[in-house]
Structure formats: structure tokens, C-alpha cells
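A.B. asks: One line per chain: the protein sequences are E and U, in this order. Take my numbering: the final residue in the first sequence is number 447, and no numbers are missing along the way. Take my numbering: the final residue in the second sequence is number 265, and no numbers are missing along the way. Every residue gets a Cβ at the ideal spot worked out from N, C-alpha and C, and that includes glycine.
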Amino acid sequence: MNLAIRDVRYHRFKFFSSTIGVSLLIMVVVAIGGIIRGVILDSATIIDETGADLWVVQAHGAHPQGGTLGPFVEISRLPQQIYHAIEVMPGVAQASPLATAWEHVKVMPRPTRLMKFMYMNALLNTAAMVEPGWMAMPKLQRFIVIGYQLGKIGGPPLIVAGRGIQASHYEMVADVKTGFHVGQHLRLGNFDYTVVGLTKNMVGFTADPVVYTTLTDAQNILFQQDPNLLRSQRPRIAQPFTDLAATQPRLARRLAVTAAASAEDTRSVNAIAVKLRPGVSAKKVADRITRWQHLQVYTAPQAVNLQLMGSNRLILFQLALFRDILVLIAGVVISLILYTFTLDKLREIALLKLLGARGRVIYRMVLQEALFMGIVGTLLGSALELLIEPYFPRRVVATYGDIAQMLLAMTVVTLFASVLAVRRAMRVDPRAVIGME
Amino acid sequence: MERRAYAIQAEHLVKVYGQGRTRVEVLKGVNLAMRGGELWALMGPSGSGKTTLLTILGLVTEPTQGRLCIDGEDIYGGKRPDLARLRREKTGFVFQSPNLIPFLTAQENVLLPLSLIGARRQAARARVMQLLESLEVAERADLYPNQLSGGEKQRIAIARALANSPKLIMADEPTASLDAGRALGVMHLLRQAARKHDTAVLVVTHDHRLLGEVDHVTRIMDGRIVDVPDAPPTPDHRRLATASAGRPGGRPARS
Numbered sequence: 011m012n013l014a015i016r017d018v019r020y021h022r023f024k025f026f027s028s029t030i031g032v033s034l035l036i037m038v039v040v041a042i043g044g045i046i047r048g049v050i051l052d053s054a055t056i057i058d059e060t061g062a063d064l065w066v067v068q069a070h071g072a073h074p075q076g077g078t079l080g081p082f083v084e085i086s087r088l089p090q091q092i093y094h095a096i097e098v099m100p101g102v103a104q105a106s107p108l109a110t111a112w113e114h115v116k117v118m119p120r121p122t123r124l125m126k127f128m129y130m131n132a133l134l135n136t137a138a139m140v141e142p143g144w145m146a147m148p149k150l151q152r153f154i155v156i157g158y159q160l161g162k163i164g165g166p167p168l169i170v171a172g173r174g175i176q177a178s179h180y181e182m183v184a185d186v187k188t189g190f191h192v193g194q195h196l197r198l199g200n201f202d203y204t205v206v207g208l209t210k211n212m213v214g215f216t217a218d219p220v221v222y223t224t225l226t227d228a229q230n231i232l233f234q235q236d237p238n239l240l241r242s243q244r245p246r247i248a249q250p251f252t253d254l255a256a257t258q259p260r261l262a263r264r265l266a267v268t269a270a271a272s273a274e275d276t277r278s279v280n281a282i283a284v285k286l287r288p289g290v291s292a293k294k295v296a297d298r299i300t301r302w303q304h305l306q307v308y309t310a311p312q313a314v315n316l317q318l319m320g321s322n323r324l325i326l327f328q329l330a331l332f333r334d335i336l337v338l339i340a341g342v343v344i345s346l347i348l349y350t351f352t353l354d355k356l357r358e359i360a361l362l363k364l365l366g367a368r369g370r371v372i373y374r375m376v377l378q379e380a381l382f383m384g385i386v387g388t389l390l391g392s393a394l395e396l397l398i399e400p401y402f403p404r405r406v407v408a409t410y411g412d413i414a415q416m417l418l419a420m421t422v423v424t425l426f427a428s429v430l431a432v433r434r435a436m437r438v439d440p441r442a443v444i445g446m447e
Numbered sequence: 011m012e013r014r015a016y017a018i019q020a021e022h023l024v025k026v027y028g029q030g031r032t033r034v035e036v037l038k039g040v041n042l043a044m045r046g047g048e049l050w051a052l053m054g055p056s057g058s059g060k061t062t063l064l065t066i067l068g069l070v071t072e073p074t075q076g077r078l079c080i081d082g083e084d085i086y087g088g089k090r091p092d093l094a095r096l097r098r099e100k101t102g103f104v105f106q107s108p109n110l111i112p113f114l115t116a117q118e119n120v121l122l123p124l125s126l127i128g129a130r131r132q133a134a135r136a137r138v139m140q141l142l143e144s145l146e147v148a149e150r151a152d153l154y155p156n157q158l159s160g161g162e163k164q165r166i167a168i169a170r171a172l173a174n175s176p177k178l179i180m181a182d183e184p185t186a187s188l189d190a191g192r193a194l195g196v197m198h199l200l201r202q203a204a205r206k207h208d209t210a211v212l213v214v215t216h217d218h219r220l221l222g223e224v225d226h227v228t229r230i231m232d233g234r235i236v237d238v239p240d241a242p243p244t245p246d247h248r249r250l251a252t253a254s255a256g257r258p259g260g261r262p263a264r265s
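#1: Only counting the same chain, and skipping five residues up and downstream in sequence, which positions put a Cβ closer than 7 angstroms to that of E:Phe382?
#2: Considering only their Cβ atoms, is the gap separating U:Arg131 from E:Gly366 smaller than 7 angstroms?
#3: Any beta carbon from chain E within less than 7 angstroms of U:Val213's own beta carbon?
#4: Looking at the secondary structure, which residues open and close the alpha helix (DSSP H) in which E:Met182 lies?
#5: With burial defined as no fewer than 16 other Cβ atoms inside 10 Å of the residue's Cβ, what is the status of U:Asn174: buried or exposed?
#6: Hey, is U:Ser125's beta-carbon within less than 7 angstroms of any beta-carbon in chain E?
#7: Check the C-beta distance from E:Val220 over to E:Val213 and give it rounded, since I have them as a contact under 8 angstroms.
#8: Are U:Gly46 and U:Ala210 closer than 7 angstroms when you measure CB to CB?
#9: What is the DSSP secondary structure of E:Met37, reduced to helix, strand or coil?
#10: Check the Cβ-Cβ distances between E:Ile444 and every residue of chain U, and say whether any is below 7 angstroms.
#11: How close, in whole Å, do the beta carbons of E:Asn211 and E:Pro81 come, if the pair is a contact with beta carbons under 8 angstroms?
#12: What residue range is occupied by the uninterrupted beta strand (DSSP E) comprising E:Tyr222?
#13: In chain E, which residues lie less than 8 angstroms from U:Asn109 when you measure between Cβ atoms?
#14: Counting C-beta neighbours from all protein chains within 10 Å, is the total for E:Asp354 16 or more, i.e. buried, or is it exposed?
#15: Listing by chain order, which chain E residues have their CB less than 8 angstroms from the CB of U:Tyr154?
#16: Can you tell me where the beta strand (DSSP E) with E:Gly189 in it begins and where it stops?
#17: Going straight from the alpha carbon of E:Pro3 to that of E:Ile282, what length do you get?
#18: Using the Cα positions of E:Phe23 and E:Leu377, report the straight-line distance between them to the nearest angstrom.
#19: I'd like to know whether the C-beta of E:Val438 is nearer than 7 angstroms to at least one C-beta of chain U.
#20: Can you pull the chain E neighbours of U:Glu118, defined as C-beta to C-beta under 9 angstroms?
#21: Could you check if E:Glu358 is buried or exposed, using at least 16 other CB atoms within 10 Å of its CB as the buried criterion?
#22: Between E:Val386 and the rest of its own chain, which residues show a CB-CB distance below 6 angstroms, the 5 nearest in sequence each way excluded?
#23: What does E:Val371 touch in chain U if you count any residue whose Cβ is under 8 angstroms from its own?
#24: Residues of chain E with a CB under 8 angstroms from the CB of U:Val70: which are they?
#25: Determine, for U:Asp81, whether the minimum Cβ-Cβ distance to residues of chain E falls below 7 angstroms.
#26: In chain order, what residues of the same chain have a beta carbon less than 8 angstroms from the beta carbon of E:Thr78, not counting five sequence neighbours either side?
#27: Is it buried or exposed for U:Leu134, if we count other Cβ within 10 angstroms and need 16 for buried?
#28: My output table needs one value for U:Leu103: the three-state DSSP class, helix, strand or coil.
#29: Kindly identify the DSSP beta-bridge partner or partners of U:Lys163.
#30: So for E:Phe382, helix, strand or coil by DSSP?
#31: Determine the DSSP secondary structure at E:Ser86, reduced to helix, strand or coil.
#32: What in chain U is Cβ-close to E:Arg368, meaning under 7 angstroms?
#33: DSSP has U:Met180 in a bridge; who is on the other side?
#34: Please check the pair E:Gly44 and E:Lys285, which I expect to be a contact at CB under 8 angstroms, by giving their CB distance rounded to whole angstroms.
#35: Give the straight-line distance between the Cα atoms of E:Val115 and E:Leu196, rounded to the nearest whole angstrom.
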């Protein structure tokens, strides 16, 4: 006869209400695991989806590590034409110049009820820190602009609405998380652009969505300066040639124009994504690029790692620590619940002992209830987490592997958690039933 | 005397609690012998050692000295006994309050002792239903204790005590919380059970009105068994009474 099942069946409300409490804790634990995985995936998305084997960025002779951490973690700037030299190297299938940077547009917020509630809550608790009228202020929609050459790697991997970029100017494909829609016009830099298509799941390690344009458009958006500024700068650029103008005015004018053109040149890129031919050693090609072109090269895993460890390292450690603490808290909570359950059953346990029940009958009952609570709590908590996952503002990805791991961890935790209850149960004196102890 | 003839036989049982200045001798050489099928009443004032004797005979407490044989087995004669096993196999308990396990149905409560001794499910269920029928509570088998009346609960408790066919049933004031009619009914059930299952039943009681149902009355006073001159005669009392103060299964308490 299984006493644990019968006890749970009889005290089902008490047991399941406690299990729901445990499952909510576990839901948070699984969610934090999902957030950690989400951050990792976000860090790897652009690198993975680009499909490049090598990422070539600006080298830096004085840098102790010999190069920048670009293009997404540190500023990197290269002359655009250098990709030609890389593309003709042995083993290279394709070299694609990319211009990348963070941009933003102002959008009017459409506050949800949750946002209103959070705003009111913030106002109550941190009134001094909340700007009056915050809800009605335009929101800054940040995104990463990636400019690529049409037909080369680095463009949107998937189009979920509209079409891909076809024209060489003024078209863009945005990730759905930007909130942009097909046909929407946006002013970026000095020009208007039209959203011609939408892509999905393309975000950077900061979870900012990606907007794709042609390389030239991206260069214009990112590097082209304000025309008024340029106009005001031209006399200053021409200043060194004023002496020359007296004797050789044509030469001086030509030099001034050349200098101004150089200052206004937007033909820079932030990185070159390199696709290798099958079977070619990435390390060999990377060494060759470093040696002959004086550039910094990262393999795709190194580039992912840079984003992950360069910017999100502390957040990930913090989240992981918080998750582990929560697992311990879940263990303590289960332990106290089981202990309380056991205290409620002391008379029955004494009676079982008086009837000659072996010790293992008693501790099997406590252990089975503990395991039942741990397993049901984990499954319920995981199911709840999967249900709420889509509503998180950032990507949260809990896998079945995470849930299986959690199940294993909670089995161990509940086994330890039941020790206190088992010890109390084993101390019960059967004479308590007769009123003697 | 042949020991096998007795369901339980206690010789010079002594129980001491504490040491030195806190030493208390609760039992001072108790002798007692009961045959299967006998129903005995154990009476005595508060603090006389009734419950201690009950727990020693019920194999819950070990005596400090003395010899205890149940169904011919000398419990403390050899190596350290497995009291839990002996309780499972040889004893049954009925208490003042029925002490049913609240999360088990009536049927499961009775099944519990059989489950603890590892009885086969089919046979155990048949035995349980037979007991419940004999105690006229078979139709309440699937109810939980909180759905049963006081009398039904006590019947279920008796059925549970009988389930593992024990040699000895200890009943600690099983009628204390019942009115006279119900108390007599319970004693009658215990008496029937003792007869039918050839089980020795020792009932601790203070209620003199119930003594007509018992085969023998034994009184404990200050840790010793004493004669009971005022015990009411019953038809087979003379034949069965074997309690003594001085020797196991010795002189009849009443003649």
C-alpha cells in the first residue's frame, strides 16, 4: 500500500497548493535559465546568421592584444576597398564588407496596461527619478543598422513579410521587433528610407533588433555628416592651402577639394565578413590576413565569445548566481513544507510505528511525497515558464534539456530537503499513541 | 507448565525509569499468563503501572528485567529482538480513541497491518472484507474516518487489531469515550473476537460495569499484580482465570 499517494490524495488541496508555490519558484528559476540562454543566443545570432567563417576588423598596433574587438563590441573602421585584397586570398570564397552601428528613431509609445502600471509603480517608489509626462514622451527605438553589398553574405537570412532589398538605395528590411511595418517610411541620416520587408529573430547582443540596408545606404546613414557642418568646415579644410592659392590657385583649389572629399568620404566599413571555401583552415587564412593586411581577424566562435564575454559577462554571472540561489531557496521552501507536513502527521507516524511499520515504510512515505512535490513542481513550473516565455521583452529560451536538468537538480534538492522531515519522523516514539513518551 | 499453552506469559517483569535519585521502579515483578481466546480486564489506579505493562506486553517498551514469551517465543531470551517485526506479527492494539489513519479509507486502515507484513493483496483484501462483515461495517469500507460515526470507527479499529491474526490484543481503555450501551457493545465485540480468532485480549478499563463481559479481572497496584476479590463471576471465569501475583500462570485470581 503506497501511503504517500494516499496521503497526497486525501490532502490534495494542501499538497497541491504547496506544490503550486514551489512551481512558481521553479518557474522563475527556469525563466532565468531561459534568459541566460536568450542572451547567449542574442550574442550569437548576427554572427551565426551571417554565415561568415572569419570576421576581419581594424587592427591596432598599440593595443596589448593587437586589435580592436569590433565590430559590435568596440569601434572598428576599415577602408572599404580592402575587401578586394582579402577576397583574392587563397581559400576565401567571399569577402563581404559590412557597415554596422547603432541608430535610433523616435516613435510615439502606445502604452499597454502593464506599462501604465509599471509607470505608476515607478512614480510611487522613485518619483524623483521619473520625468513628468514620461508616458507621453516619444520613445527612442534603438536598432542596429547593418549595411551589406547585395548578393553577398551579411544580409537578412529570412524574410517573413514583404521582400528583400532589391534597389541599391533607400530600401530597408527590419526585424519585426522594431515595430516597423512594410511600407513604412523612416528618416535616417539625411534621407528617407522605406521598409520593404521584415525579418525575424535578428537581434544584437543587447537585444536591439537589426535593420538591413545596402552598404552605401548604411555608410550614408552612419558616416555622412550634416551638410551644414560640412559647409562650415570647408573653409577650415582649405586654410592650409591659402598661401599656395596666391601663386598656384588652381593647384590650391584642387588640393582643398581633395582634402574636403577625403574628410567627407563615407567609404569606410566596420568589418569584413569572410566566407571560406570548404575544407580550408580558418586559422591559416586568419594568420595570412593578419600578416599581410595588418588587420585583426576573429573566427566566428571567437566573435561570439567577444560579444558574450565582452559585454554580457557580468550580467550572465549575476543571473546564473541568482538562479542558483533560487534553487537553494526552492530547496529550503520544500524542506520547510515537508517538515510542516511531517509535523502534521506525527500521530499517524507514531501509529504506523506502533503497528510495526519498518523505518523504511516511514521514510519512503516522506521521500515519495518530497519527490512528488519536487517533480510535479518542476513540471508545472516549467510548463508555466513555457507559457509566459513569449511575453518577456527579451528573448527567453528554455529548452527541454533545461527542464530535464532542472528535474534532476530538483530531485537531488528534494532528497536533501526531505532529510529534516525524515529525521523528525524517525524520532517519533510509537508510545506517543498510547499517551506515553 | 507447558509454555506453548499460553498466548502470552510474563515472568517477573520489572521496569525501572531513570537512575539514582530519579530512579522510579514502575513495575515490580509482574507475572501474568493468558491463553488464546481469553478476555482479561486490567484495572488499577492512575500511576499503578497499567500503561507501562501494556507497552511491555505490546512490545513497545523493553522491560528492565524479567521474561516475556508470546506464542511460545521468548522475546528477550536470545539476541536483541526486532520488536517492530514482532509487533507486526504478534500484537494488535485498540485505543481509547480509534486512532485511525485519516488519509486511509476504513478498508485501507484494516488492510494496513496486512500490508506491513507483506500479505498477498488478494488474500489480504478478502481477509479485510471478512473482518468488516463480521463487525457489520462492510458497507462503510470505502469511507474515510471523518465520514464514520464513533462506534463505526471503534469497530474499524478492532478489525485493524484483528487483521494480522495477532496472538495478543492490547486495548487501552477502548470504551472510555463511549456511553454505557456502546461500551458494552465494544466489550462484546472484543470478547467475540477473542473467542473467534483465538486471541488473548487484555483490556485496560476503569469501568466496573463492563466486567461482566470479561473472563478475568486482574488488578495492578503500585507495580504489582494483586488479586481481585470483587470481580464479578462470569460463566467460564473459574475455568479461565489464571492470573497470579507470584508465579507465571499461577494460582487463579478468584476461586
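C.D. replies: In terms of the structure at hand:
#1: Ala14, Val18
#2: no
#3: no
#4: Taken as a continuous stretch (DSSP letters only), E:Met182 belongs to no alpha helix (DSSP H), being part of the beta strand (DSSP E) at 181–185.
#5: buried
#6: yes
#7: 6 angstroms
#8: yes
#9: helix
#10: yes
#11: No, E:Asn211 and E:Pro81 are not in contact; Cβ-Cβ is about 20 angstroms, not under 8 angstroms.
#12: 220–224
#13: Arg357, Leu361, Val443
#14: exposed
#15: Tyr20
#16: No beta strand (DSSP E) contains E:Gly189, which DSSP labels as neither H nor E.
#17: Residue 3 of chain E falls outside the range modelled here, since chain E spans only 11 to 447, and no answer is possible.
#18: 19 angstroms
#19: no
#20: Met11, Arg16
#21: buried
#22: Thr29
#23: Leu126
#24: Leu364, Pro440, Arg441, Ile444
#25: no
#26: Val67, Gln68, Ala69, His70, Glu84, Ile85, Ser86, Gln306
#27: Correcting the residue type first, residue 134 of chain U is Ala in the shown sequence and not Leu. The residue in question, U:Ala134, is buried, as its Cβ has 16 or more Cβ neighbours within 10 Å.
#28: Here the sequence assigns Phe to residue 103 of chain U, which means Leu is not the residue at that position. If DSSP states are grouped into helix, strand and coil, U:Phe103 belongs with the strands.
#29: Partner(s): none; U:Lys163 has no beta bridge.
#30: helix
#31: coil
#32: Ala94
#33: U:Phe103, U:Leu212
#34: Actually they are not in contact, since the Cβ atoms of E:Gly44 and E:Lys285 sit about 32 angstroms apart, beyond 8 angstroms.
#35: 8 angstroms
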